[in-house]
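2 protein chains.
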Amino acid sequence: MRAQATEFLRALRLHRETGPGTGGPESPVDAARALRRSARRISGTLHTFQSLLEPDWAESMRPELAWLSGTLALEHAYAARLERLLQALHRLSGSTPAGQAFPARPALPERGSLTVGAAKAGALLDRQLTLARTRAHSTALQALGSGRFHAVADKVAVLASEVPLAPTAAGADPRPLAAAALGRLTDAVAALPLVTAGSPYNSEALVHGLSPDPSPHPQDAPWHQVRLLLRLHRYAREVLHGTGGTALPGDGREPGPDPAEVRLLAAGEALDRHRDASEAAAAAAQAARTPRIAPATAYALGVLHADQRHEVEAARYAFQHCWQKETVTTAP
Amino acid sequence: MRAQATEFLRALRLHRETGPGTGGPESPVDAARALRRSARRISGTLHTFQSLLEPDWAESMRPELAWLSGTLALEHAYAARLERLLQALHRLSGSTPAGQAFPARPALPERGSLTVGAAKAGALLDRQLTLARTRAHSTALQALGSGRFHAVADKVAVLASEVPLAPTAAGADPRPLAAAALGRLTDAVAALPLVTAGSPYNSEALVHGLSPDPSPHPQDAPWHQVRLLLRLHRYAREVLHGTGGTALPGDGREPGPDPAEVRLLAAGEALDRHRDASEAAAAAAQAARTPRIAPATAYALGVLHADQRHEVEAARYAFQHCWQKETVTTAP
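First to last, the protein sequences are chains V and P. Read left to right, the first sequence gives residues 151 to 482 (the working numbering). Read left to right, the second sequence gives residues 151 to 482 (the working numbering).
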């Protein structure tokens, strides 16, 4: 349980160092990102180890942390989605010089080398996603100034000095709970179509690409779920890891990065890419439903949608690849 | 040289058995296909072994055979392209039941389960490619009734009884010529970006997918060239193989198919798919330039174009896979 307290303290320290109004944050964007990350991390740890904590307190804490990290995540998500889509439009137009990084603020990409359709599609996406981002920014600012946020911050501050434990938790072993989190992850991965995903160019991700159903691809949901469970597993692993009390295979005191951790991170990154590409594809499809757009714009959005769905497929392939290596070293 | 004569005779017999007006062809379509194949095969053999043949005769023969096989190929190509595109539209709409073969004449696919955009895109492609196919059919019929065709047929008949050899050809070894054909193939394959092609989801085929240049993808041309050279190599190999005079590795008298031949066929099929997908993608892009189409139609054509470009990439991956195995067993 000391491991958890350490983890919470660490997250809180991060939060305090970069939080607004405490002086010295690198930038408001960095501060918001750090806040979002620590909220997510505390929330994940609460989720896994909830049965060791005071039930009412944990129940009241989790939705507040979820609200905070969700609200803070949106602005960044819209900005990243726009950047991803504009980058793809340039790649599809053969106009991005290889190796040249795209500017961080993609508000003014040079459009001279794009076709009319690609340029109009880019302008349409820019308009729609910038508007969404601006709204998300206002919402996040309001949230950070709200009483609700200050209440969460107070609770996290309390947490740093004393973790409210359940009466039965004294001396309890956190490892079965971490093992249960890994079990949920393993079960969810086992339910994924990994054989299909491991076969390159299986064309699975674009099935229903022209489906009349405008809702997000149902085939993506199990992958998004695994993404969340993988994160919970990683946090739980860090908690145990921090105490040094549990020697996971591949773990140890040797210098250099832990290879199991490196692979978990790679698998997580593949699933992040999966989520990003899935949402970018949906944004392109959504933009194509804008009334009165030109056929050339719609055509470019169609190509873009299919391109992002293939990124989804590529991310699944990459995850499958990581995971096959993974199971060799992180089996409990 | 007897091997060549045998090969020619075989092709001619095939041609006679299935040619129009000689009774008993299975269908006009089959007859045209067999004629096209034998013309292509004779033409390929002429190309590889030309230096052993009477120069004027060979020079006059080759363009006639190319004209014949080219003219006969078009109708089939348009029909196959339409079928491929309509099948893809159904797959992309999630409406083709797995394992159910698409009807051979795709004139009336059930469109109830397609979105408006996919249905309109299918109707547009149907209109455009059926028109092209009808024109190609008329041209082929005219060609088969023309004096030019009868002149070619007469020449092939002469060929069956006596191959016009060059004065220097008596006793010459055809194997160096076959080896030269293999050398041209090997060089052309070596120039392909096989490392990229072997890396799944490299996204190479869709670069320039939105390029303003309406011409066919220049990146496809070296692959089309390899496709032709692979066919020439296969024909030359059959000529030598037929005599039993050259024991290629993996070759032999054992029962069952020759594994080297099987892999050559697989590599050739991958390149056929590459060519078909490349041309289907171009047809979708071309259809999207039709004036006054609805945005939903253009969007569906964009998705379809990108899907076929990914088929191009998948075919390159498959070829690379075959070829790596290939070089183990067919190196001269």
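Just so you know, even glycine gets a beta-carbon here, dropped at the ideal spot from N, CA and C. Remember, predicted model here, so these are calculated numbers, not experimental data.
At a cut-off of 8 Å between C-beta atoms, P/His-460 counts as an interface residue with respect to chain V. V/Arg-377 has its alpha-carbon roughly 27 Å from the corresponding atom of V/Phe-299. Contact of P/Ile-443 with chain V by beta-carbon distance below 7 Å involves Pro-445. Residue-level contact by beta carbon fails for V/Ala-347 and chain P, as no gap is shorter than 8 Å. Rounded to the nearest angstrom, the Cβ distance from V/Ile-443 to V/Val-306 is 46 Å, too far for a contact under 8 Å. Among the residues facing chain P, V/Pro-372 is not included, as its CB has no counterpart in that chain under 8 Å away.
Residue environment analysis places V/Ser-188 among the buried positions, since at least 16 neighbouring C-beta atoms fall within 10 angstroms of its C-beta. By the Cβ rule, the region 337 to 352 of chain P does not count as touching the region 201 to 213 of chain P, because fewer than three pairs are nearer than 8 Å.
Between V/Tyr-449 and P/Ala-438, the CB-CB gap stays under 8 Å. Here DSSP, grouped into helix, strand and coil, assigns P/Leu-342 to coil.
Against chain V, a Cβ distance below 8 Å from P/Leu-239 picks out Leu-360. The straight-line gap separating the alpha-carbon atoms of P/Ala-310 and P/Ala-208 is approximately 14 Å. In the pairwise beta carbon analysis, the region 220 to 237 of chain V is classified as not touching the region 343 to 351 of chain V: fewer than three pairs are separated by under 8 Å. Among the residues facing chain V, P/Thr-265 is included, as its CB has a counterpart in that chain under 8 Å away. By the beta-carbon neighbour count (other beta carbons within 10 angstroms, threshold 16), V/Ser-219 is buried. Shown here for P/His-287: same chain residues with a beta carbon closer than 8 Å to its own, the five before and five after excluded, namely Glu-225 in chain order. Excluding five sequence positions before and after V/Ala-355, the CB atoms of its chain that fall closer than 6 Å to its own CB belong to Arg-459, Val-462, Glu-463, given in chain order. In this structure, the CA atom of V/Thr-346 is about 22 Å from the CA atom of V/Glu-429. Per DSSP, reduced to three states, the secondary structure at P/Leu-232 is helical. Our two residues, V/Ala-316 and V/His-197, have alpha carbons roughly 14 Å apart in a direct line. Around the beta-carbon of P/Leu-281, fewer than 16 other beta-carbon atoms lie within 10 Å, marking it exposed. Take V/Leu-380, set aside five residues on each side of it, and the residues of its chain with a beta-carbon closer than 8 Å to its own are Leu-335, Leu-414, Ala-417, Gly-418, Leu-421, in chain order. Going by beta carbons, V/Thr-265 and P/Leu-360 fall inside the 8 Å limit.
With a 10 Å radius around the Cβ and a threshold of 16 neighbouring Cβ atoms, V/Pro-205 comes out exposed.
Think of a sphere of 8 Å around the beta carbon of P/Val-453: the chain V residues whose beta carbon falls inside it are Leu-356, Gly-359, Leu-360, Gly-452, Val-453, His-455, Ala-456, in chain order. Taking the CA atoms as reference points, V/Ala-434 sits about 45 Å from P/Arg-186.
Listed in chain order, the non-local C-beta contacts of V/His-374 below 7 Å within the same chain comprise Arg-425, local neighbours out to five positions each way being set aside. According to the DSSP assignment, P/Gly-267 belongs to the alpha helix (DSSP H) that extends over 266 to 294. Spatial neighbours of V/Ala-427 in its own chain (CB-CB distance under 7 Å, excluding positions within 5 residues in sequence) are listed in chain order as Gln-458, Glu-461, Val-462, Ala-465. Note: P/Leu-203 is bridge-paired with P/Leu-315 in the DSSP secondary-structure output.
For P/Val-357, there is no enclosing alpha helix (DSSP H), as DSSP marks it with neither H nor E.
Here the alpha carbon of P/Ala-328 sits roughly 7 Å from the alpha carbon of P/Arg-387. Closest in alpha carbon position to P/Ala-293, among P/Asp-276, P/Asp-304, P/Leu-222, P/Ser-201, is P/Leu-222. Minimum Cα-Cα distance from V/Thr-318 among the listed residues V/Pro-445, V/Thr-195, V/Leu-451, V/Ser-201 corresponds to V/Ser-201. DSSP places V/His-424 inside the alpha helix (DSSP H), whose first and last residues are 409 to 438.
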